[in-house]
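There are 2 protein chains.
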Amino acid sequence: MSTNNETKQATAKPGDSIKVHAPGTVANLVCGFDILGLALNEPCDEMEIKIIEEPKVIIHHKDNYNLPLEPEKNVCGVALLAMMDKLDNKFGFELTVTKHIKPGSGIGSSAASAAGPVVAANKLLGNYFSNEDLVQMAMFGEKLASGVKHADNIAPCIYGGITLIRAIHPLDIISIPAPPMYVTLVHPQIEVKTSDARQILKKQVLLKDAIKQWGNIAGLVAGFIKSDYELIGRSLEDVIIEPVRSILIPGFDDVKAQSKEAGALGGGISGSGPSIFMLSKNEAEAKAVEVVMKDIYEKIGIEYYTYVTTINNEGVKAIGN
Amino acid sequence: MSTNNETKQATAKPGDSIKVHAPGTVANLVCGFDILGLALNEPCDEMEIKIIEEPKVIIHHKDNYNLPLEPEKNVCGVALLAMMDKLDNKFGFELTVTKHIKPGSGIGSSAASAAGPVVAANKLLGNYFSNEDLVQMAMFGEKLASGVKHADNIAPCIYGGITLIRAIHPLDIISIPAPPMYVTLVHPQIEVKTSDARQILKKQVLLKDAIKQWGNIAGLVAGFIKSDYELIGRSLEDVIIEPVRSILIPGFDDVKAQSKEAGALGGGISGSGPSIFMLSKNEAEAKAVEVVMKDIYEKIGIEYYTYVTTINNEGVKAIGN
């Protein structure tokens, strides 16, 4: 693991503390399965981390999600243990977490848990580690949560904005500039486990479908960098994952079709679901999309949360006390 | 078929003529199978087209490739017949072609044959048709040549630069800006038929390979638009098509490895082969790559041509008499 500066010392003194917001994230972005993700300004988790003398990790949760407090079984804890190990266990961390991103929502709850603490700790360490180092540590947390060491939520959570994971071995993360966009999310209160959502995917895909998919990915990336909203909209199409996974989400087809009628550029499953996200060019459209989403889940009779937010270009950020 | 301007009239009078260069093209660009392509400044075909009164297509070839002269069996002819049809057979075309791009080279010989005449004719018609219309007409020629109506050579031949075919139905062509680059090509004089090269591909691919591929395509497009040469180099990787097709090209692995050692950013099979292309940041590296290529085919004992050229940003262009 490389550090920003090999000659730098990791300095922090017991008692030092910082509060951060760790943002929710949307992974996949329809056609970019396992490679694309974006960070949200809402929802986000709140965390306070304190350097302690003893080389151990202490975790407090101020939320009601009944998450395990033993660091080896806690997503935040596993990431912090990975960092402690890199620091030769010279000191420890005490973390207080208030999760607002509901676990299992598909909005990067575990990525926020994994990324927030290590970014926060790194701020206390004078940015001793690079962003890429932090992604590597946070991936231990993601592995605990989903069984897979993936980075498509962690990368945007740490870097902010839209990120591309070009490759995992070795890790190659690219920031993708994009024009301003609004994100409307609906989280229908049903459970879709990431592991189940992964299980139902076919191991093989038709070459002709893969070609369609990479045309759309290339179009989406070009659309983002060229600030071409029309191209972004046309490219938000997934012929491989969505047709399989959307079956697990009641109301999906209606949400997608009616959101586009209401003005959304496009959208689809957020991560592995059950949340659905839609991108819009302006706030009025994003709010019209929210109305559509509410109507649909009221009719179906499933509880839901909605968010209308924007892309978070900073990632995990320090907040006042 | 839409035209640039529905109220415009296609005007051209018998006797009007124009000469054009129709450029060679590199399709696929390693990871962008069937969706990406770029136009070359060399080699290119020379064509002169003349409007004639009688609604028919007359073709003369000044090269020695023994191509059929009946318009229905000639790639240029088929494209021109498609255009004549759109013009309600009000007049005809007489075409004189000197092909410099050897058929079967993998450098877009059939695309130049198909695109050159319709772009040239359109110049005489006051650009009555849009570029997209011209691609549609030229695709008839490509279909005659390879059995498949693909546009990944035709689009860069007509638009110039690097093009993305995001989708075929309906056709969606995106110009991808890119930094200056040199292209070194070697055409080993062996025959690889496009239809054979397509036949040996598996109809299904592993999802995990498809994910690697779309990471690289996204990286390549981002690298082009962001003028990030390092990213372009890292993204020029193909885990799906190249491992299968490169077996048909003697010396391929050596050319690729030694070209990169000589300074190339990367490269691979040009179209369906047998030509191999390499992208370089500057001319010195591109020429060093040419030396490597020559050495390899001298040793193997296969005849070859090489080219050191640049990206052609204009596509088919008018030339003086």
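Line by line, the protein sequences give chains A and B. Position 147 of the first sequence, counting from 1, maps to 147 under the UniProt record's numbering, and the rest follow consecutively. Position 42 of the second sequence, counting from 1, maps to 42 under the UniProt record's numbering, and the rest follow consecutively. Just so you know, even glycine gets a beta-carbon here, dropped at the ideal spot from N, CA and C.
Verify the CB distance criterion: does residue i have a CB-CB separation below 8 Å to chain B?
i: Ile232 of chain A; result: no
i: Ser2 of chain A; result: The predicted model places Ser2 of chain A with a pLDDT of 49, which falls under 50 and marks its position as unreliable, so this point remains unresolved.
i: Asn5 of chain A; result: Reliability fails at Asn5 of chain A, whose pLDDT of 48 lies under 50, so the model's placement of it is uncertain and the value that follows must be treated cautiously. Not one chain B Cβ lies under 8 Å of Asn5 of chain A.
i: Leu206 of chain A; result: yes
i: Phe33 of chain A; result: yes
i: Arg198 of chain A; result: no
i: Val135 of chain A; result: no
i: Ile269 of chain A; result: no
i: Val221 of chain A; result: yes
i: Arg245 of chain A; result: no
i: Lys203 of chain A; result: yes
i: Ser275 of chain A; result: no
i: Ser146 of chain A; result: no
i: Ala218 of chain A; result: yes
Is it true that the CB of residue j sits closer than 8 Å to the CB of residue i?
i: Ala262 of chain A; j: Ala288 of chain A; result: yes
i: Lys281 of chain A; j: Tyr229 of chain A; result: yes
i: Ala120 of chain B; j: Ile18 of chain B; result: yes
i: Val20 of chain A; j: Ile311 of chain A; result: no
i: Ser235 of chain B; j: Leu248 of chain B; result: no
i: Ile240 of chain A; j: Phe93 of chain A; result: no
i: Lys226 of chain A; j: Ile173 of chain B; result: no
i: Tyr297 of chain A; j: Val183 of chain A; result: no
i: Leu164 of chain A; j: Ile276 of chain A; result: no
i: Ser195 of chain B; j: Ser246 of chain B; result: no
i: Pro188 of chain A; j: Pro274 of chain A; result: yes
i: Val292 of chain A; j: Ser259 of chain A; result: yes
i: Ile217 of chain A; j: Ala27 of chain B; result: no
Report the three-state DSSP secondary structure of residue i (helix, strand or coil).
i: Asn89 of chain B; result: coil
i: Ser110 of chain A; result: helix
i: Ala12 of chain A; result: coil
i: Phe129 of chain A; result: coil
i: Asn312 of chain A; result: coil
i: Val20 of chain B; result: strand
i: Gln189 of chain B; result: coil
i: Pro43 of chain A; result: strand
i: Met181 of chain A; result: coil
i: Tyr65 of chain A; result: coil
i: Ser175 of chain B; result: strand
i: Ile168 of chain B; result: coil
i: Lys317 of chain A; result: strand
i: Ser259 of chain B; result: helix
i: Val239 of chain B; result: coil
Quick one, which of the options has its alpha-carbon nearest residue i's?
i: Pro117 of chain B; options: B:Leu134, B:Gly104, B:Ile101 and B:Glu298; result: B:Leu134
i: Met139 of chain B; options: B:Gly15, B:Ile176, B:Leu206 and B:Cys76; result: B:Cys76
i: Ile101 of chain A; options: A:Ala145, A:Pro23 and A:Pro14; result: A:Pro23
i: Asp88 of chain B; options: B:Val26, B:Ala10, B:Ile165 and B:Leu38; result: B:Ala10
i: Ala12 of chain B; options: B:Asn28, B:Ile52 and B:Gly37; result: B:Ile52
i: Gly223 of chain A; options: B:Arg166, B:Glu242 and B:Asp238; result: B:Arg166
i: Ala243 of chain B; options: B:Thr25, B:Cys31, B:Ala27 and B:Val26; result: The sequence shown places Pro at residue 243 of chain B, rather than the Ala named in the question. Checking every option, the nearest Cα to that of Pro243 of chain B belongs to B:Cys31.
i: Pro55 of chain B; options: B:Phe91, B:Glu42 and B:Ala39; result: B:Phe91
i: Ser272 of chain A; options: A:Ala218, A:Thr98, A:His150 and A:Asp254; result: A:His150
i: Asp45 of chain A; options: A:Ile162, A:Glu72 and A:Ala115; result: A:Ala115
i: Ile107 of chain A; options: A:Leu29, A:Ala210, A:Met84 and A:Gly301; result: A:Leu29
i: Val316 of chain B; options: B:Asp16, B:Gly15, B:Pro14 and B:Thr25; result: B:Thr25
i: Lys50 of chain A; options: A:Val78, A:Leu125 and A:Asn74; result: A:Leu125
i: Ile300 of chain B; options: B:Asp254, B:Leu95 and B:Asp16; result: B:Asp254
Looking at the C-beta of residue i, does it have a partner C-beta in chain A at a distance below 8 Å?
i: Asp172 of chain B; result: yes
i: Val26 of chain B; result: no
i: Ile176 of chain B; result: yes
i: Ala167 of chain B; result: yes
i: Ile225 of chain B; result: yes
i: Leu248 of chain B; result: no
i: Ser113 of chain B; result: no
Any heavy atom of the ligand ATP closer than 7 Å to the beta-carbon of residue i?
i: Gln189 of chain B; result: Among the ligands in the structure shown, none appear at all, so the ligand ATP cannot be discussed.
Notebook entry, point to check: Given 8 Å as the limit, is there contact between the segment 53-65 of chain A and the segment 249-269 of chain A, that is, 3 or more CB pairs closer than that?
Noted result: Flag = no, the segment 53-65 of chain A and the segment 249-269 of chain A do not touch.
Next item on the list: Inspect the CB distances between the segment 110-118 of chain A and the segment 149-158 of chain A and report whether three or more fall short of 8 Å.
Entry: Yes, the segment 110-118 of chain A touches the segment 149-158 of chain A.
Item checked: Inter-stretch contact at 8 Å, needing at least 3 Cβ pairs: the segment 203-213 of chain B / the segment 197-212 of chain A -> Contact holds: three or more Cβ-Cβ distances are below 8 Å.
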